[in-house]
Structures are given as structure tokens and as C-alpha cells.
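This report concerns only the one structure given below.
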Amino acid sequence: MEELASQVGATAVVVCDHRNELLCAGQPSVAVHCRSIGKTLLGALFGRHVASGAIELDATPADPGIDDSVPPSLTSEEWSARVRDLLTCRPGIYHPSNHQGEAARAALPPRGAPRPGSYFLYTNWDFSALGTIFERAIGQSMFTEFAQAIAGPPGMRHFDPARQRYATQGWSRHRTYASTSPPATWHASASSTSTTASTTRTA
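Here the working numbering = 1-based position in the sequence shown + 140.
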């Protein structure tokens, strides 16, 4: 297993049976930046609260008053996008987002085309807005939620909520969770969390 981990470039590989560690290869205590893998982790956090009824998949940004205060704000049609559309990259909202490359920003379709739910396009705006929606719905930081719901149960002992940071730029009011900072000061969250290699390969 150590040879395989080295071949694929994994920071670490840890195999556990519940909380019993069966195998450890590499450096599981090293903090790594999981980038867009964090979007899947955010989806997992949503799933728990969708199942409990705290979050409705058919709710729209208009329901909790989610807009973008950086002009231009959302149109009435964009406000009809559902949470499920945001989670599947189909909200039809082509507002610029923070930490979005210039080429990706220039390639955004015109605002108002296509309709919400009809077209797949991967953008950071969707998941940044989902972070805002999530934290308003549950009333606590997604970092805390991640620690309690995902890192805690399997014993991810190296995950430290205090190391997580929100990142902002001037393109959107919704904070993003990615940075090019050194590992000790990663700007991250469950939407691109600075976690540790004790999960799986994340960088």
C-alpha cells in the first residue's frame, strides 16, 4: 500500500474500521488543500439537513433573501433557481464569482440565458452562495458542522476548525473557500476545506 500511495502521489492513505486504524501510509497529519473536492463535502453536509427537513431542495434564493449585493444583483428569473439547481451546477445564474479565473469569467453565458435548471455550468458562484444558504439555514459555521458531522465520527483527529478561513474578493458578496496561501494559513472551508491527508488523497 505504501508503494501504491507513492506511485499515485498521495500525501497519505489511511484505512480504518470504524475508529480502529488498520493501515497508515504517508503523512496523515499534513494539512492539504482539497480544492473542489470540498464541494462534494458541502453536498454531504446539505444531505444531512435535507434528510432532517431543515433545508428544502426546492427552496429558492428568494426564500431566504439570498441576493448578490455586488452589481448587477440577481434578476427575478435567477431568483427562481432552486437549491437543487445550485447543488447540480444548473441554477442559470451567471454572476461573476470570487476566485474565478479571468478566462472563466469571460466565458460566462449572458445573464438571463439559459433558464434555471436547464443547463450545466460549473462555477464557484453556485457553491459560494450555497455556503451562505447553508449557514443561514443551520445557524452555525460550516467549519463547525464539518467537524461535528464528517471529521468527528470517523476520528479525523488532525482536522482543526480553527485553521479554516473564508476568503473574499470584490466580485461577489458570497465568500469563497479557496486560496493560494501557505498551508498554515489556507483560506478554506467545507467548500474547499483545508483538511488533512487522514481522509484520502486531497491534493
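Think of the CB as a built atom: it goes at the ideal place given N, C-alpha and C, for glycine as much as any other residue. These figures come from a predicted structure and were not determined experimentally.
Query: Contained alpha helix (DSSP H) runs [length at least 4] in the region 185-271, N- to C-terminal order; Result: 223-227, 242-246
Query: Sheet register partners of residue 154 (DSSP bridge); Result: 164
Query: Identity of the residue in 234, 291, 276 nearest residue 264 by Cα; Result: 234
Query: When 305, 207, 293 are compared against residue 157, the one with the closest alpha-carbon; Result: 293
Query: Touching by the beta-carbon criterion (3+ pairs, under 8 Å), the region 301-311 and the region 236-244; Result: yes
Query: Boundaries of the alpha helix (DSSP H) in which residue 145 is found, first to last residue; Result: 142-148
Query: Contacts around residue 161, its chain only, beta-carbon distance under 7 Å, and the 5 residues preceding and following it disregarded; Result: 154
Query: Pairwise C-alpha distance: residue 159 and residue 302; Result: 23 Å
Query: is_contact[residue 264, chain C] using C-beta, thresh 7 Å; Result: Of the chains in the structure shown, none is chain C; there is only one protein chain.
Query: Inter-stretch contact at 8 Å, needing at least 3 Cβ pairs: the region 218-233 / the region 195-206; Result: yes
Query: Environment of residue 208 [buried if 16+ CB atoms lie within 10 Å]; Result: buried
Query: Neighbour-count burial assignment, residue 245, 16 or more Cβ in a 10 Å radius; Result: exposed
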